[in-house]
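Shown next, in structure tokens, is the structure this report addresses.
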Amino acid sequence: MKILRITAANSLIRFETDADATVQLSAFSSVFCQDSPVYSTEATAKDGCFTLPMTLNGYDGRFLYYRITEDGKPCTGACYCEDMGDSPVQMPYPVTESKKGLQVTMVHDAINLGVKHAALNVNLGSFLWCEPVEGDTIPFDFDGETFYFRKTVVEQNDARVKELTDAGVIITYILLNAHTWGWIQTPDDLWEIIKHPGFCEGGRISAFNLHNKQAVRYYMAWVAFLTERYTLPDAPYGRAVGLIVGNEVNSGFEWCNMGEATVEQYVYDYTASLRLCWQVSTAIWSGMRTYISLDHFWTGANFSADANRFYGSKFVLKELCRLCHTEGQIGWHVAHHPYPENLNFPDFWNDESATVDENTYRITFKNLEVLAQFLYREEYLFCGERRRIILSEQGFNSHNTATSEVLQAMAYGKAYRKVMEIPEIDSFILHAHQDNMGEFGLNLGLWRRRPESSVPDSPKPIYFVFRDIDKKDEKGVYHWQRY
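Oh and the sequence shown: position 74 is 200 in our numbering, straight run, nothing missing.
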């Protein structure tokens, strides 16, 4: 027997099959937690389907992995739910008149600049306690269990998101899993649970851990908390409408570390966390968008000699697509980082490794259309629609000289024009708001920094180009059309 599709509706999980037969079914909290099922039963397919209650032994059946056998032989086909049914939150995805975005550090300045999109980092371990802490806990009930969120962290996040939302900024979260992020350290007892079992020294950020039940539960609860809190009517805490799972996952060893693995092993593991994020978030609001994060390497890789650590984005997407067609579809989109070929120099139009063929080494602003055209293919569509693209992190360097700063500003203008020519790109989120002393020697900001610190000092030419890029002049011509 083959399982054709698994869907949810009317408090039932529906399994569509290609034959009528009696099967044995076991459900697990994760594909990596098959030592102990959370539910087991025997079911008989009639007229090509059978159903189960949506709640299975206290677990929401929409979020489980299903292992189904017939006469002891594994059934092929779908093993995950790919339609969450009607969601309780009913609202349209927000639209804005501009694609202009920024990784915001100074909220008031960003509002003055007319920013309409922002990508904000949030770290799993920064938000949670294993046990409630008096005076610093927000209890949150999810899937039959109570979880404890850090009140001080949540309220700080609320303030930032609310101010941006009230200014009309569309917010996408970047979901990370680091031991320390900013000034907040993940409690050691929690970190031992949520870090990926393959995480090893050399990686800056861990992949999400779906290899033990409690880590799965923390991850799901966090996604549910973020979705539920920031899609409330009237947005009392602000609004967030997108979730990027990890950072530059094709360069996984550095930014989404699960140790060494082939690209197939790596994508299989990553896809489980991408899928679960999409399932949990869209069960609350069907409009929530879930993204895979990719850097500018396409068939090349950051360190090509380390084939089990760094991968080309093209191969990651192809493997992700294959898993969706074999195990159940996911409504994923792409958060791409088309930095110039050499991050030290902003003149992307001279990039030699960014060509217009589909096997290009890199995808930068020079050949950005290659990514869009790749995703236009029928096998990459979701429910007949093209995947959306956001450019969630990319910037242009300057070298503390007047000439280089003018070149930086020109690069931004030319890149913005390229973005406007691709309708599937929803936002161009510039990195960074200000030069950062810890940015590997790069000066990517709209603002110069003070010597020997990251304190903003004065705006660079790119600041004024950025401010005006989506405005019209007295003749009705957009500023980006000049580049």
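Just so it is clear, CB atoms sit at the ideal spot from N, CA and C, and this is done for glycine as well.
All values derive from a computational prediction rather than experimental measurement.
TODO: Identify whether phenylalanine 522 lies in helix, strand or coil by the three-state DSSP scheme.
DONE: coil
Task: Beta-carbon gap between asparagine 373 and isoleucine 300 smaller than 8 Å - done: yes
- [ ] Specify, as a first and last residue, the run of the alpha helix (DSSP H) that valine 280 falls within.
- [x] 277–292
TODO: Could you name the residues that DSSP lists as bridge partners for proline 179?
DONE: Checking the DSSP bridge columns, you'll see proline 179 partnered with Leu138.
TODO: For my contact list, cysteine 159 and asparagine 283 are in at a C-beta cut-off of 8 Å; report their separation, rounded to the angstrom.
DONE: Not confirmed; about 30 Å, so no contact.
Open item on the list: Pull the bridge partners of arginine 488 from the DSSP assignment, please.
Closed with: Phe423
Open item on the list: Restricting to runs no shorter than 4 residues, where is the alpha helix (DSSP H) found entirely within the segment 547–594?
Closed with: Taken in chain order, the complete alpha helix (DSSP H) segments of 4 residues or longer contained in the segment 547–594 are 587–594.
Open item on the list: Considering only heavy atoms of the ligand ATP, does any lie closer than 7 Å to the CB of phenylalanine 474?
Closed with: In terms of ligand content, the structure shown is empty, and the ligand ATP therefore cannot be addressed.
TODO: Label valine 259 either buried or exposed according to how many other C-beta atoms from any shown protein chain fall within 10 Å of its C-beta, with 16 as the threshold for buried.
DONE: exposed
Task: Proximity winner among Glu390, Cys450, Ile551, Tyr506, relative to proline 464 (alpha-carbon distances) - done: If we check each option's Cα against that of proline 464, Ile551 comes out closest.
TODO: Would you mind sorting glutamine 534 into buried or exposed? The rule is 16 or more other CB atoms within 10 Å of its CB.
DONE: buried
Open item on the list: What does the alpha-carbon distance come out to for the pair aspartate 144 and threonine 181?
Closed with: 25 Å
Open item on the list: Given this structure, state the Cα-to-Cα distance separating glycine 294 from glycine 378, to the nearest angstrom.
Closed with: 33 Å
Open item on the list: Could you pull the DSSP bridge partners for isoleucine 264 from this structure?
Closed with: Paired residues: Phe275.
Task: Residue nearest to glycine 329 in terms of C-alpha spacing, selected from Ser518, His459, Glu386 - done: Glu386
- [ ] Flag this pair as yes or no: are the beta carbons of aspartate 594 and serine 224 separated by less than 8 Å?
- [x] no
Open item on the list: For the alpha helix (DSSP H) containing glycine 324, name the first residue and the last one.
Closed with: That residue, glycine 324, is in no alpha helix (DSSP H); it is neither H nor E in DSSP.
- [ ] Could you work out which residue in Val371, Met384, Trp411, Ser162 is closest to leucine 420 when comparing CA atoms only?
- [x] Val371
Task: tyrosine 274 to leucine 130 span [Cα, whole Å] - done: 38 Å
TODO: Give the DSSP-derived three-state secondary structure of tryptophan 655 in the structure shown.
DONE: Examination of residue 655 is not possible in this model, given that the chain is present from 127 through 609 alone.
TODO: Consult DSSP for threonine 452 and reduce its assignment to one of helix, strand or coil.
DONE: Threonine 452: helix per DSSP, three-state reduction.
Task: Residue range of the unbroken alpha helix (DSSP H) whose run includes alanine 236 - done: 233–238
- [ ] Please determine if the segment 353–365 and the segment 386–401 are in contact, where contact requires at least 3 C-beta pairs separated by less than 8 Å.
- [x] No, they do not touch.
Task: Sub-8 Å separation of threonine 416 and leucine 400 beta-carbons - done: With respect to the 8 Å criterion, threonine 416 and leucine 400 are classified as neighbours on the basis of their beta carbons.
TODO: Have a look at cysteine 201 and phenylalanine 423 and give me their C-alpha separation to the nearest angstrom.
DONE: 37 Å
Task: Span separating the alpha-carbon of phenylalanine 566 from that of asparagine 335 - done: 29 Å
TODO: Determine the DSSP secondary structure at aspartate 483, reduced to helix, strand or coil.
DONE: coil
Task: Proximal residues to glutamate 257 (C-beta, below 7 Å), its chain only, five neighbours per side dropped - done: Tyr274
- [ ] Go to arginine 355, then tell me how far its alpha helix (DSSP H) extends in each direction, as first and last residue.
- [x] 339–355
Open item on the list: Quick check: what's the CA-CA separation for phenylalanine 102 versus serine 407?
Closed with: The question about residue 102 has no answer, for the chain in this structure spans 127 to 609.
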